[in-house]
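So for the sequence shown, our numbering puts the first residue at 24; every next one is plus one.
Glycine included, C-beta positions come from ideal geometry on N, C-alpha and C.
All values reported here derive from a predicted model rather than from experimental measurement.
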Amino acid sequence: EVREAVVSTQSTGPIKYPNGKTYLKIGHVVYPKLDENKLGKVLNTLDEVQQWYCQEDYPKARKYFKTHFERLYPGVESLDEVLDFCVMALTTSGKQLIGFVEENLMVAGGGNGKSAKFGLEIGRICADSIVKGEWDYDHLDQDDFKVRYKDEFNA
C-alpha cells in the first residue's frame with residue numbers, strides 16, 4: 024500500500040572510504056500524509072520487508088534522488104549511482120524506544136526517521152546504562168523512551 028507522506032531529504036558531505044572512492048550519500052525520510060512524490064510504502068509484514076530489501080531497483084526513488092542531486096550540486100557530475108534500501112520504524116510516541124529488556128541487554132529502536140542524527144548519543148546512553156546497570160542519562164526521563172510491549176497497549 025502506498026500512502027501519502029512528507030519527504031525530507033538528508034545528505035552527507037563527500038566522504039572518502041577505505042576503497043579510495045568518495046561517496047556523497049543522499050537519503051530521505053518519508054512521513055505519512057504529504058508525499059507528493061509517492062516514495063513512501065507501508066510495510067506490514069516480514070515478507071513485505073524482505074521483498075523491499077531484495078528488489079533490484081526503485082526507479083521512482085532513483086529519479087527523485089538524481090533530480091535532487093542535480094539541484095543541490097549543479098555542475099557536479101556523478102560518476103556512478105548506487106541505490107540502497109532501508110526502512111523506518113515509527114513509534115506511537117514519536118520517540119525512540121531505549122531500555123532494558125533483561126539484565127545487561129538493552130534495545131534501541133523505533134527511530135522515527137531521526138535516529139541517524141542521534142545514533143552516537145543513543146549508543147552512548149545504552150553503553151553507559153549497561154555498565155551502570157540502570158538508566159544513565161541525566162537530561163532525559165527514562166519513561167519517555169521506555170520499551171513497551173504490544174500486550175501492554177492492549178491491557
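DSSP three-state assignment for K39, whether helix, strand or coil
strand
Given V110, which residues of its chain have a CB within under 7 Å of its CB, disregarding the five upstream and five downstream residues?
L66, V72, W75
Limits of the beta strand (DSSP E) - the one that F123 falls within
120-125
Nonlocal neighbours in the same chain, by C-beta distance under 8 Å from T45, ignoring five residues either side
P37, I38, K39
Roughly how many angstroms separate the alpha carbons of E79 and G133, rounded to a whole number?
26 Å
Cβ pair count under 8 Å reaching 3, the stretch 85-102 against the stretch 134-148
no
With a threshold of 16 other CB atoms inside 10 Å of the CB of H162, please say whether the residue is buried or exposed.
exposed
Identify every run of the alpha helix (DSSP H) within the stretch 55-124, keeping only runs that are complete inside it and at least 4 residues long; order them along the chain.
69-77, 82-95
I'd like the ranges of any beta strand (DSSP E) spanning at least 3 consecutive residues and lying wholly in the stretch 128-159.
128-132
In the DSSP assignment, what residue or residues form a beta bridge with Y46?
I38
Report the CB separation of L13 from F168 in whole angstroms; it is logged as a contact under 8 Å.
Because the chain spans 24 through 178 in this model, residue 13 falls outside it and cannot be assessed.
Among D166, K48, G63, the one whose alpha carbon lies nearest that of S116
D166
Tell me whether G146 is buried or exposed, calling it buried when 16 or more other Cβ atoms sit within 10 Å of its Cβ.
exposed
Whole angstroms are fine: how far does the CA of L113 sit from the CA of E70?
Here residue 70 turns out to be Asp, not Glu, going by the sequence shown. Computed Cα separation, rounded: 18 Å.
What residue from C149, I49, L143 has the CA that sits closest to R94's CA?
I49
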